[in-house]
Amino acid sequence: MVKQIEYVFILVDEISSRGSTYQLPDAVISDLKKNEEFIRDLRRGVRLMVRSWGWDIDKGQLFDKLDDKQKWSYWPVRLYKAGRSMWLFDQIDYYESLKKLAFHIKEKEKLDFFSHTKNGKADVLEQWKEMEQTKRF
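In this note's numbering, the protein residues as written are 53 to 189.
Structure below.
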């Protein structure tokens, strides 16, 4: 199931390990933004993923009580793609919560990943900051 979750997050102008396979044109993105069922399911996918990491995305904090296996799984690229998708689909409340999670994680460890677009290392928060400044979506 974890592998499937990664591909929930849509790319527009980035290259992944699969090339441009998961990129969608702007017209499709525009249609999906209007699709309430898609948005509901996208949010649910993000909520479930970060719940497995112990994060309550709706409250923007760690859950008070965690299961032993409910912890950060060291996949910054998934966190990055989730945040980018939330931004892309105007789900700003979830995007802001993911930023809080990223800052929480970054207090303890690096949040970098290999970016095929940059052909090198990229930091989650720096990538999001760059994304916010372009305001492409």
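Backbone N, C-alpha and C fix where the C-beta goes; we use that ideal spot for every residue, glycine too.
All of these numbers come straight from a predicted model, not from anything done at the bench.
The closest CA to that of valine 98, considering only Gln179, Val176, Tyr146 and Glu182, is found on Tyr146. Remark: C-beta atoms of proline 128 and valine 176 approach each other more closely than 8 Å.
In the structure shown, phenylalanine 115 falls within a coil segment according to DSSP collapsed to helix, strand and coil. For glycine 172, the uninterrupted beta strand (DSSP E) run begins and ends at 172 to 175, by DSSP. Our two residues, phenylalanine 115 and tryptophan 107, have alpha carbons roughly 6 Å apart in a direct line. The continuous stretches of alpha helix (DSSP H) do not include serine 125, and DSSP gives it neither H nor E.
If you check the CB distance, methionine 101 and tryptophan 139 do not come in under 8 Å. According to the DSSP assignment, phenylalanine 165 belongs to the beta strand (DSSP E) that extends over 164 to 167. In the three-state DSSP reduction, glutamine 179 falls in the helix class (H, G or I). The criterion of a C-beta distance shorter than 8 Å is not satisfied by tyrosine 126 and glutamine 179. Ranked by Cα distance from aspartate 142, the first of Pro77, Gln75 and Arg95 is Arg95. The straight-line gap separating the alpha-carbon atoms of leucine 153 and arginine 130 is approximately 13 Å.
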